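Worksheet: one structure, shown below.
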Amino acid sequence: MPNETGMTFPTECAIGTAMSPAERVVEFALFDGGACVTPIACTPKTCAALGTTCGPAADGCGNVVQCGACATGLNCVAGACVTP
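Quick look at the structure:
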């Protein structure tokens with residue numbers, strides 16, 4: 000169905016006008032947007048910073064750190080050595 004200009008999509012888009020320099024910049028930014036994204040550096044946390052004294056713990060960067068084992072007779076519960 001023709002619009003108010005008498006043209007039917009997509010022929011109305013091909014009028015033949017060249018893009019302005021500003022339009023070219025916008026088009027480039029749209030299609031090359033990933034180049035502008037800077038990855039965020041993650042600093043992994045240590046067992047001490049996490050307050051964990053034993054067992055595995057998430058380091059905040061998607062990895063697991065091993066925070067050690069408890070002394071004989073103690074159990075590791077939620078990152079702390081406790082008596083059973």
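Numbering (numbering that gives the first Met the number 0), first residue to last: 0 to 83.
Cβ coordinates follow ideal geometry from the N, Cα and C atoms, glycine included.
Source: prediction; values computed, not measured.
Residue i versus residue j: straight-line alpha-carbon distance, rounded
i           : j                : result
alanine 48  : valine 25        : 45 Å
alanine 70  : glycine 61       : 28 Å
lysine 44   : threonine 7      : 60 Å
alanine 56  : glutamine 65     : 6 Å
valine 81   : aspartate 58     : 22 Å
valine 36   : proline 20       : 23 Å
glutamate 3 : phenylalanine 30 : 30 Å
proline 38  : glycine 5        : 48 Å
Residue(s) in a DSSP beta bridge with residue i
i           : result
cysteine 41 : The partner list for cysteine 41 (beta bridge, DSSP) is empty, contrary to what the question assumes.
proline 55  : Gln65
alanine 79  : Val76
Residue i burial status per 10 Å Cβ neighbour count (16 or more: buried)
i            : result
threonine 41 : The displayed chain sequence assigns cysteine, not threonine, to residue 41. Looking at its Cβ environment, which holds fewer than 16 other Cβ atoms inside 10 Å, cysteine 41 is exposed.
glycine 72   : exposed
threonine 16 : exposed
Neighbourhood of residue i by C-beta distance below 7 Å, restricted to the same chain and skipping five residues each side
i          : result
glycine 54 : Cys66, Cys75 and Gly78
Contacts around residue i, its chain only, beta-carbon distance under 8 Å, and the 5 residues preceding and following it disregarded
i             : result
methionine 18 : Glu26
Spatial neighbours of residue i in its chain, beta-carbon cut-off 6 Å, leaving aside the 5 residues before and after
i            : result
threonine 51 : Cys66 and Gly78
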